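Structure first, commentary second.
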Amino acid sequence: MIRGRTRMALSVGAMLYRSSLSGPVRLMATDTQSVASKLNSSGLLRSQALIGGKWVDSYDGKTIKVHNPATGEVITNVPCMGGRETDDAISSAYDAFSSWSKLTAAERSKLLRKWYDLIMAHKEELGQLMTLEQGKPLKEAIGEVSYGAGFIEFSAEEGKRIYGDIIPSPLADRRLFVLKQPVGVVGAITPWNFPLAMITRKVGPALACGCTVVIKPSELTPLTALAAAELSLQAGIPPGVVNVVMGNAPDIGDALLASPQVRKITFTGSTKVGKKLMEGAAATVKKVSLELGGNAPCIIFDDADIEVAVKGALATKFRNTGQTCVCANRILVQEGIYEKFANAFAKAVQGMKVGDGFTEGVEQGPLINEAAVQKVESFVEEATSKGAKVLIGGKRHSLGMTFYEPTIVTGVNSEMLLAREEIFGPVAPLLKFKTDEEAIHMANDTNAGLAAYIFSTNIKRAWRVTEALEYGIVGVNEGLVSTEVAPFGGVKQSGLGREGSKYGMDEYLEMKYVCLGSMN
Numbered sequence: 001m002i003r004g005r006t007r008m009a010l011s012v013g014a015m016l017y018r019s020s021l022s023g024p025v026r027l028m029a030t031d032t033q034s035v036a037s038k039l040n041s042s043g044l045l046r047s048q049a050l051i052g053g054k055w056v057d058s059y060d061g062k063t064i065k066v067h068n069p070a071t072g073e074v075i076t077n078v079p080c081m082g083g084r085e086t087d088d089a090i091s092s093a094y095d096a097f098s099s100w101s102k103l104t105a106a107e108r109s110k111l112l113r114k115w116y117d118l119i120m121a122h123k124e125e126l127g128q129l130m131t132l133e134q135g136k137p138l139k140e141a142i143g144e145v146s147y148g149a150g151f152i153e154f155s156a157e158e159g160k161r162i163y164g165d166i167i168p169s170p171l172a173d174r175r176l177f178v179l180k181q182p183v184g185v186v187g188a189i190t191p192w193n194f195p196l197a198m199i200t201r202k203v204g205p206a207l208a209c210g211c212t213v214v215i216k217p218s219e220l221t222p223l224t225a226l227a228a229a230e231l232s233l234q235a236g237i238p239p240g241v242v243n244v245v246m247g248n249a250p251d252i253g254d255a256l257l258a259s260p261q262v263r264k265i266t267f268t269g270s271t272k273v274g275k276k277l278m279e280g281a282a283a284t285v286k287k288v289s290l291e292l293g294g295n296a297p298c299i300i301f302d303d304a305d306i307e308v309a310v311k312g313a314l315a316t317k318f319r320n321t322g323q324t325c326v327c328a329n330r331i332l333v334q335e336g337i338y339e340k341f342a343n344a345f346a347k348a349v350q351g352m353k354v355g356d357g358f359t360e361g362v363e364q365g366p367l368i369n370e371a372a373v374q375k376v377e378s379f380v381e382e383a384t385s386k387g388a389k390v391l392i393g394g395k396r397h398s399l400g401m402t403f404y405e406p407t408i409v410t411g412v413n414s415e416m417l418l419a420r421e422e423i424f425g426p427v428a429p430l431l432k433f434k435t436d437e438e439a440i441h442m443a444n445d446t447n448a449g450l451a452a453y454i455f456s457t458n459i460k461r462a463w464r465v466t467e468a469l470e471y472g473i474v475g476v477n478e479g480l481v482s483t484e485v486a487p488f489g490g491v492k493q494s495g496l497g498r499e500g501s502k503y504g505m506d507e508y509l510e511m512k513y514v515c516l517g518s519m520n
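Be aware that the sequence shown starts at 1, since it is given in UniProt numbering, and climbs by one per residue.
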């Protein structure tokens with residue numbers, strides 16, 4: 001029998017992330033300018049880009065406003081950059097690569113460890129900055145800092161274990177070797193939903209392998225990226241190894257794709273944009289890693305432990321207000337337990353506190369912007385127009401702005417947008433199924449293949465269904481599966497490659513075969 005306690009052994013960083021969702025943390029005032037002023041005093045509120053170790057403005061002086069999604073207030077302005085600035089950042093990274101790649105793995109490891117230590121020493125300030133620009137609850141934001149820092153720590157250690165190989169030769173006077181070497185300059189394009197972790201899980205292994213990077217964070221949440229870059233400089237990572245540009249996404253992306261000096265693109269974001277990047281990378285035949293959209297099924301079998309299933313579904317659906325690529329997008333419930341689960345789940349969701357992320361006890365923050373709210377509204381309206389019922393929630397929150405009520409929708413079928421498209425919001429659609437085979441078919445009936453979840457106390461069923469699911473990640477009786485020590489990534493149109501773990505290191509390495517002939 002499988003119990004809810006049975007799960008993979010998570011790393012320290014992931015455990016800190018988990019515990020932060022309920023553990024104590026010092027909360028603060030919600031006034032945007034007050035918080036920004038305190039962060040500015042700490043030296044972590046940067047409002048310029050980083051190119052070649054220097055903080056710079058856009059060349060034409062253009063800026064973009066960074067808003068607090070909970071209040072709509074402007075936090076600060078940052079440069080709105082384009083192709084010229086990106087080209088200079090690429091050149092800076094290219095120049096730095098020759099010296100950075102020649103350092104020993106141990107030397108790079110020491111610098112990465114210093115970076116990790118600084119991130120952890122400033123985890124409260126980084127968490128505050130993240131809540132300010134992204135909106136997630138402060139406890140969750142500080143948890144992300146610990147989780148994100150874990151990728152730096154892991155990479156610092158794993159970089160010293162990048163081994164080659166010796167191959168037995170078919171000829172007596174030959175010796176055959178395999179070397180692993182850094183791929184070169186990496187263009188890292190990251191989303192707004194995890195402003196630190198999406199950067200560190202790319203930049204950590206890239207730097208540990210000997211690569212240099214040009215980071216393009218989301219224009220919605222650039223401040224956490226800039227703060228992390230500031231700490232990389234304080235850690236002694238040489239100028240040009242880490243560069244950050246932001247602004248006009250198409251222009252920046254085109255520059256990264258066109259440059260022959262950029263040898264790899266790593267991207268987390270929508271499948272639509274990922275396909276464009278993959279197409280653009282073909283012109284210069286760059287290596288590509290893509291972590292794209294998901295449509296995660298969460299399957300509740302009738303032999304599931306209800307308490308464990310509710311807790312797991314709550315965690316995987318409503319973390320970050322439903323704005324994660326591995327959120328349970330569809331909750332498939334076996335008919336024998338459907339009503340019981342729906343009632344228990346509704347009771348748990350009704351108890352969730354919505355509000356500004358700096359407010360004590362808040363579990364759900366705002367959605368990132370108005371467009372995100374309108375998308376969620378349209379999905380719910382489409383479902384109800386076709387017969388689905390809103391069990392709880394289903395509308396904008398009385399707080400206004402971009403707050404939306406945690407919502408459960410019943411009577412959903414596989415033809416509705418709630419079941420076919422990524423919601424990226426606090427809406428949980430419940431779908432009913434009869435047999436294991438039907439659940440597997442429903443779960444796999446999508447172009448996405450990132451994460452899936454199963455809740456069952458039957459070990460045979462759990463293994464059988466896990467192997468049948470067409471997904472890169474499967475959580476069994478567990479809703480929080482991300483950790484730096486395990487490979488994160490999907491199949492089908494959810495992407496290429498893996499991030500985290502020893503497997504993620506290979507994404508930033510090239511393999512070189514050496515044939516050593518006779519020296520006589």
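Note that the Cβ used here is the ideal one computed from N, Cα and C, for glycine as well.
These numbers come from a predicted model, not from an experiment.
Alpha-carbon to alpha-carbon, residue j and residue i
| i | j | result |
| --- | --- | --- |
| A452 | S482 | 12 Å |
| P168 | C515 | 11 Å |
| A371 | D356 | 19 Å |
| G517 | P170 | 12 Å |
| A346 | P429 | 12 Å |
| T71 | K460 | 50 Å |
| I152 | G336 | 45 Å |
| Q395 | I237 | Gln is not the amino acid found at residue 395; the sequence shown has Lys there. So the two alpha carbons sit approximately 48 Å from each other. |
| S109 | I473 | 29 Å |
| A208 | L226 | 20 Å |
| L103 | P366 | 44 Å |
| A383 | V412 | 7 Å |
| L496 | Q134 | 27 Å |
| M505 | G210 | 11 Å |
| T32 | I75 | 7 Å |
| A486 | G61 | 43 Å |
| L509 | N477 | 35 Å |
| S259 | D87 | 8 Å |
| E85 | E107 | 30 Å |
| T271 | G293 | 5 Å |
| D57 | S91 | 17 Å |
| I306 | F341 | 7 Å |
| L16 | L290 | Low confidence applies here, because L16 scores a pLDDT of 38, under 50, leaving its location unreliable and the question unanswered by this model. |
| A419 | C80 | 37 Å |
| P182 | A206 | 8 Å |
| P364 | D95 | First, the amino acid is wrong: residue 364 is Gln here, not Pro. Cα to Cα, the separation comes out at about 44 Å. |
Per-residue DSSP class, three states only, for residue i
| i | result |
| --- | --- |
| P24 | Interpretation of P24 is limited by its pLDDT of 43, a score under 50 that renders its predicted location unreliable; the figure taken from the coordinates is listed afterwards. Three-state result, P24: coil. |
| I423 | coil |
| V362 | coil |
| R498 | coil |
| Q33 | helix |
| A96 | helix |
| C209 | helix |
| W192 | coil |
| I64 | strand |
| Y453 | strand |
| N77 | strand |
Integer Cβ distance of residue i from residue j, believed to fall under 8 Å
| i | j | result |
| --- | --- | --- |
| Y471 | G489 | About 10 Å; that fails the 8 Å criterion. |
| L112 | V145 | Not really, about 16 Å apart at Cβ, beyond 8 Å. |
| T212 | W100 | 6 Å |
| D303 | T466 | At roughly 15 Å, the Cβ-Cβ gap does not stay under 8 Å, so D303 and T466 are not in contact. |
| K216 | I265 | In fact, because the Cβ distance is near 10 Å, the residues do not count as touching under 8 Å. |
| P287 | R263 | Per the sequence presented here, residue 287 reads as Lys, with Pro not at that position. Sure, about 7 Å apart at Cβ, within 8 Å. |
| T316 | C298 | 6 Å |
Exposure label - residue i; buried when at least 16 CB within 10 Å
| i | result |
| --- | --- |
| R46 | buried |
| L179 | exposed |
| Q334 | buried |
| P250 | exposed |
| Q323 | buried |
| Y163 | exposed |
| M519 | exposed |
| K353 | exposed |
| M198 | buried |
| T410 | buried |
| M416 | buried |
| A283 | exposed |
| E405 | buried |
| H122 | buried |
| I166 | exposed |
Q.
Ignoring anything shorter than 4 residues, give me the alpha helix (DSSP H) runs that lie fully in the stretch 104-169, in order along the chain.
A. Here the runs fully enclosed are 105-121, 123-134 and 138-158.
Would you mind listing the alpha helix (DSSP H) stretches within the stretch 346-424 that are 4+ residues and don't spill past its ends, in chain order? Segments of the alpha helix (DSSP H) lying fully in the stretch 346-424: 370-385 and 417-420.
What are the start and end residues of each continuous alpha helix (DSSP H) run of 4 or more residues lying completely inside the stretch 462-494, in chain order? As far as the stretch 462-494 is concerned, it has no whole alpha helix (DSSP H) run of at least 4 residues.
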